[in-house]
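Asker: Sharing a structure here in structure tokens format.
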Amino acid sequence: MIGALMLSDLPDEFKPMIMGLENSGAAITGDFIKIKLLQEIKIPDTALNESGAAFLAKNKKAGIKSQNKVRKCFNCGKQGHFAAKCRFKSKPKENENSSDPKAFLAMAAVNNIKGDCWYMDSCASTHMTKKEHWLENKEICNTTIVAANNRKLKGTAKGTINIKVNNGKTMDNISVKEVTYVPELAANLLSVSKVTDKGYQANFNKKGFIVINEKTKETVARGHRQDDVYVMTSPEEKALFVNSTSKLMWH
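Here it is in structure tokens:
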């Protein structure tokens with residue numbers, strides 16, 4: 004309780020140190036805060052409020068003893084400098100970067116994945132393919148894809164892919180932009196969030212799914228359920244449909 008009160012009385016310039024202490028998991032005691040203040044930085048008299056100044060005056064002897072100790076950086080662990088002047092940046096936590104694109108959740112549970120099929124993935128934050136030769140207008144990229152088991156896959160290129168979809172009447176060609184090529188990917192994935200961002204609605208049930216244009220209310224694509232994942236119906240499965248060309252774009 005005393006340690007928490009001492010932290011609350013410190014001025015704004017101590018916010019980085021306070022955040023570090025709160026995230027360290029260490030017990031916030033009065034003695035611990037005293038030592039950290041004296042080790043971290045030399046505090047000018049004007050930097051403290053009345054409560055902080057009284058604290059330093061009361062512990063003057065403890066401060067003299069602490070200053071005689073060899074300085075050790077709490078960031079890199081080396082001696083001779085403080086964390087505030089450390090030249091080495093703190094290492095980010097392994098799961099700290101939440102901006103990395105996310106991959107699939109259920110692909111590992113499907114034993115009969117077809118390499119030429121497209122799977123609807125509600126967990127994917129971008130469209131992804133394992134077929135580099137499908138890409139048109141290809142550009143080199145360096146993207147990290149985080150899979151469900153926290154395994155990191157590399158995306159090395161991106162471009163546009165034209166895929167055939169079943170709308171219930173015909174087979175349409177749909178242009179899918181910003182598709183990332185991931186060599187180690189288990190299946191070709193269509194991001195549900197990317198599809199809905201373009202003004203389409205994806206409806207799923209236990210048998211399959213349909214994708215509807217929100218403006219026209221027309222069905223533009225449909226697919227079936229395979230085990231625990233949803234697959235776009237391929238041209239081979241609907242060979243009786245007449246081919247047509249669509250200007251739809253999912254990106």
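If you read the sequence shown in our numbering, its first letter stands for residue 4, the second for the next number, and so on.
Ideal Cβ positions, reconstructed from N, Cα and C, are used throughout, including at glycine.
The model shown is predicted, which means the values in this text are computed figures rather than measured ones.
What is the C-beta distance between residue 123 and residue 212, in whole angstroms, given that I count them as a contact (C-beta under 8 Å)?
Answerer: About 6 Å separates the two Cβ atoms, so the contact holds.
Asker: Can you give the beta carbon distance from residue 184 to residue 138, rounded, assuming they're within the 8 Å contact cut?
Answerer: Their Cβ separation, rounded to whole angstroms, is 6 Å, which keeps residue 184 and residue 138 in contact under 8 Å.
Asker: For residue 222, report the span of its beta strand (DSSP E) as first-last.
Answerer: Residue 222 -> beta strand (DSSP E) spans 222-229.
Asker: Applying the criterion that 16 or more other CB atoms from any shown protein chain within 10 Å of the CB defines a buried residue, is residue 226 buried or exposed?
Answerer: Buried: at least 16 other Cβ atoms inside 10 Å.
Asker: Throw me the rounded Cβ distance for the residue 147 and residue 155 pair, which I believe falls under 8 Å.
Answerer: Between residue 155 and residue 147 the Cβ distance is about 5 Å, and since that is below 8 Å, they are a contact.
Asker: Cα-Cα, which of 162, 230 and 157 is closest to residue 180?
Answerer: Closest option to residue 180, Cα to Cα, is 162.
Asker: When DSSP builds the beta bridges, which residues end up paired with residue 155?
Answerer: Paired residues: 149.
Asker: Taking residue 124 as part of the beta strand (DSSP E), name the residues at either end of that continuous run.
Answerer: Segment 121-124, the beta strand (DSSP E) holding residue 124.
Asker: Identify whether residue 178 lies in helix, strand or coil by the three-state DSSP scheme.
Answerer: Strand at residue 178.
Asker: So residue 234 is in the beta strand (DSSP E); what residue range does that whole segment cover?
Answerer: From DSSP, the beta strand (DSSP E) with residue 234 extends over 232-235.
Asker: Can you have a look at residue 209 and say buried or exposed, based on whether 16 or more other CB atoms are within 10 angstroms of its CB?
Answerer: The residue in question, residue 209, is exposed, as its Cβ has fewer than 16 Cβ neighbours within 10 Å.
Asker: Does the separation of the CB atoms of residue 168 and residue 235 fall below 7 Å?
Answerer: Their beta carbons are under 7 Å apart, which means residue 168 touches residue 235 by this criterion.
Asker: Report the rounded CA-to-CA distance for residue 172 versus residue 223, giving the unit in angstroms.
Answerer: Distance between the alpha carbons of residue 172 and residue 223 is about 10 Å.
Asker: Within a Cβ cutoff of 7 Å, which residues of the same chain sit near residue 207, ignoring the five residues on either side of it in sequence?
Answerer: Correct list, in chain order: 233.
Asker: Please work out which residues of its chain come closer than 7 Å, Cβ to Cβ, to residue 217, disregarding the five sequence neighbours upstream and downstream, and give them in chain order.
Answerer: Same-chain partners within the cutoff: 202, 203 and 204.
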